[in-house]
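Undergrad: Protein chains in written order, with this note's numbering: chain A, 11 to 203; chain B, 11 to 203. Even for Gly, the Cβ is constructed at its ideal location relative to N, Cα and C. Bear in mind the structure is a predicted one, so any value in this text is a computation, not a measurement.
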DNA sequence: GTCTATAAGTAGATAGAC
DNA sequence: GTCTATCTACTTATAGAC
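1. Since residue 1/A and residue 114/A should fall inside the 8 Å C-beta cutoff, what is the C-beta to C-beta distance between them, to a whole number of angstroms?
2. Could you spell out where the alpha helix (DSSP H) holding residue 172/A opens and where it closes?
3. Going by CA-CA distance only, name the one from 181/B, 151/B and 192/B that's closest to residue 184/A.
4. What is the DSSP secondary structure of residue 100/A, reduced to helix, strand or coil?
5. I'd like to know if residue 163/B contacts chain A, where contact means its C-beta is closer than 9 Å to some C-beta of that chain.
6. Who are the near neighbours of residue 38/A in its chain, counting only those whose CB is closer than 7 Å to its CB and skipping five residues on each side?
7. Where do the N-terminal and C-terminal ends of the alpha helix (DSSP H) with residue 197/A fall, by residue?
8. With DSSP collapsed to three states, give me the class of residue 126/B.
9. Cβ atoms of residue 105/A and residue 195/A: under 9 Å apart, would you say?
10. Please report the distance separating the alpha-carbon of residue 111/A from that of residue 29/A.
11. Along the chain, where does the alpha helix (DSSP H) containing residue 45/B start, and where does it finish?
12. Taking the alpha carbon of residue 176/A as the reference point, which residue from 36/A, 123/A, 164/A and 96/A has its own alpha carbon closest?
13. Does any residue of chain A bring its CB to less than 9 Å from the CB of residue 158/B?
14. What residue range is occupied by the uninterrupted alpha helix (DSSP H) comprising residue 133/A?
15. Nearest to residue 120/A by CA position, among 89/A, 170/A and 60/A, is which residue?
16. For the alpha helix (DSSP H) that residue 53/A lies in, which residues bound it at each end?
17. In chain A, which residues lie less than 9 Å from residue 68/B when you measure between Cβ atoms?
18. Cβ of residue 52/B within 9 Å of Cβ of residue 59/B?
19. Can you pull the chain B residues whose beta carbon is under 8 Å from the beta carbon of residue 207/A, in chain order?
20. Using the Cβ count rule (16 or more neighbours within 10 Å means buried), how would you classify residue 188/B?
21. Along chain B, which residues have their Cβ under 8 Å away from the Cβ of residue 197/A?
22. Mind listing the chain A neighbours of residue 135/B? Cutoff is C-beta to C-beta under 7 Å, in chain order.
23. So residue 170/B and residue 141/A are in contact, right, with Cβ under 8 Å, and what is the actual spacing, rounded?
24. Comparing alpha-carbon positions, which option in 94/B, 199/B, 96/B and 31/B lies nearest residue 70/B?
25. So, under 8 Å CB-CB, residue 159/B and residue 190/A are touching, yes? Tell me the CB distance rounded to an integer number of Å.
26. Tell me whether residue 117/A is buried or exposed, calling it buried when 16 or more other Cβ atoms sit within 10 Å of its Cβ.
27. In the structure shown, what three-state DSSP assignment does residue 121/A receive?
28. Can you pull the chain B residues whose beta carbon is under 8 Å from the beta carbon of residue 44/A, in chain order?
29. For residue 142/A and chain B, any beta-carbon pair shorter than 9 Å?
30. What's the C-alpha gap between residue 180/B and residue 172/A?
31. Count the other CB atoms within 10 Å of the CB of residue 133/B; is the residue buried (16 or more) or exposed (fewer)?
32. Would residue 102/B be called buried (16 or more neighbouring beta carbons within 10 Å of its own) or exposed?
Written out as structure tokens, the structure is:
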């Protein structure tokens, strides 16, 4: 047949698109928007390099970035929602807090690629900033209680731990995750007010 | 005279070099290495744009990055050492701890440009990673005491607060710096062991 | 849906006049 | 020490055959 994939070099509809988006997200996170090249994405996907093979799927480099970010955000949202549902009902307050922190830390890990991308290309994808902050931000109406500040400190500590670990290429200052979480949970509770 | 700056277009030796390095650090921090263009640096310095005016001062873009980073690191080291000397001797432990945290937070602010650059171009300037971590890292020989972990938590929280504030474009979750520092200092002390 | 060929623009870098 | 002119390589993007 003339439409046989093996003879025409074509693949099932939509499958290549997904692989392009995954590879693109990788490259963008690694080297940023300007550092990324269409050729490199083509290379990782297995398309012909240096030619516009990719442009049959996306009209421009910017459109590729937008689509890759959108896909990543949607994917992470689903992942997080699923993980949340599994926790929630633990009796011991200290253990519940520790588990919550563990969740948040894993969320940071999940967001890693988007995180890096936001740092380098924040203004290029305004939607990106919002999407990320919906997860971390907690705006308290009215006056901030000490408890709100403590919660923010915990969140900042987890974000810092994640980032510093990433930079050092090992657990931050050699402190294992479990240890960090346990001490942090002990530090931030019990509530004072 | 034929050597008059006004007629030859030349400037005092070394002065242009400094202005180039400052402008380059700015651009690199803003858009990363690949995003930065020699032309943009020339524009900010006031040199002819689009031509290799800059190459009379630095042999390559990479050399420019290296020199800019080295200058920034040296400058920050001096600044920090000076700031440290001014604190140190406060009687009240709580207040001393709060002051220490304030110092660290300000250090993070100072390191901001290098910080961003390391996140985006970490592998391109290996020296950069080392230089930054000399300031934050604290490797404890032997077993980690709870106090060491608490100190790391404080450092991580300050780093996270700084970064999140940067991203949100305002104090993290609306919490003013003084409030954050005061609550954090209360949380991490007094030492338990 | 993938490939070859190629156009158009941009960025790093060099040579040489002033 | 700065400028004009220019080279080369790379990158985005398009046209069209298979």
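TA: Reading off the structure:
1. Outside the modelled stretch of chain A, which goes from 11 to 203, sits residue 1/A, for which no answer is possible.
2. 156–178
3. 151/B
4. coil
5. yes
6. 46, 75, 78 and 127
7. 187–198
8. helix
9. yes
10. 33 Å
11. 25–45
12. 123/A
13. yes
14. Counting along the chain, residue 133/A falls outside any alpha helix (DSSP H), and DSSP gives it neither H nor E.
15. 89/A
16. 48–55
17. Going along chain A, no residue has its Cβ under 9 Å from residue 68/B, so there is no contact; the nearest lies around 20 Å.
18. yes
19. A question about residue 207/A goes unanswered here, because the residues of chain A that appear run from 11 up to 203.
20. exposed
21. 160, 163, 197 and 198
22. Per Cβ cutoff of 7 Å: no residues; residue 135/B is ~13 Å from chain A at best.
23. Their Cβ separation, rounded to whole angstroms, is 19 Å, which puts residue 170/B and residue 141/A out of contact at 8 Å.
24. 31/B
25. 7 Å
26. buried
27. coil
28. 41, 42, 44 and 45
29. yes
30. 22 Å
31. exposed
32. exposed
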